[in-house]
Ligand code: SME
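Residue numbers (my numbering): 640 to 803.
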């Protein structure tokens, strides 16, 4: 059985290297995209301090994201591409870090506790098929080290998982 190990979070690049190793171990031998998304969000939610939502949205049609496996409070189910931080990350084909969601107009409030957010697109063969979304109750929780670290974890998830 897989056991998540406590990781020292004071050195972010090292934290994400260790988390990447744990995620690779967790997903080894399984290619189901939903099962892997469920376990990836559980690992992130357990390992990352100061995070109140961690999970996936998938494009179920070209213009709409639908919530997938996650940890945290129940969330908005459908997000149009171009709307909110998640929809913007798809439309702009890039990761987005929001330091203070209260200062951003194009943010969809699912959990009123969320104050900062990091959204990373999931791509296969250049095609975006979803996003990995992290929320924190602390403004400015996510920085460029988090962006790079979560982008690497998203790559591991995509590589391990079969296309829908
Ligand atoms: N805040 C997101 C919506 C998803 S929740 O945070 C889980 C957004 O603006 O796209």
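By construction, the Cβ of each residue, glycine as well, lies at the ideal position given by its N, Cα and C atoms.
Look at residue 716 here: in three-state DSSP terms it is coil, with no helix or strand label.
Counting only runs that start and end inside the stretch 702 to 757, the beta strand (DSSP E) elements of at least 3 residues fall at 703 to 711, 717 to 719 and 735 to 737. Residue 647 places its beta carbon 8 Å or farther from that of residue 780. The way I'd put it, the stretch 692 to 705 does touch the stretch 766 to 783; three or more beta-carbon pairs between them come closer than 8 Å.
The Cβ atoms of residue 772 and residue 758 sit closer than 8 Å to each other. Residue environment for residue 756: buried (at least 16 other C-beta atoms within 10 angstroms of its C-beta). By alpha-carbon distance to residue 774, the top candidate from 798, 746 and 794 is 746.
Collapsing the DSSP output to three states places residue 676 in a helix. Separation of the CB atoms of residue 708 and residue 677 is rounded to 4 Å, and the pair is thereby assigned contact status at 8 Å.
Annotation for residue 747 indicates a beta carbon within 7 Å of some heavy atom of the ligand SME. For residue 688, the three-state secondary structure derived from DSSP is coil. Non-local C-beta neighbours of residue 651 in its own chain, meaning closer than 6 Å and more than five positions away in sequence, comprise 784, ordered along the chain. For the options 706, 751, 723 and 764, the alpha carbon positioned closest to that of residue 778 is the one of 751. Residue 663 has its Cβ no nearer than 7 Å to any heavy atom of the ligand SME. Inter-residue distance for residue 655 and residue 733 is about 19 Å (C-alpha atoms, whole angstroms).
Of the residues assessed, residue 717 falls on the exposed side of the cut-off, its CB having fewer than 16 other CB atoms within 10 angstroms.
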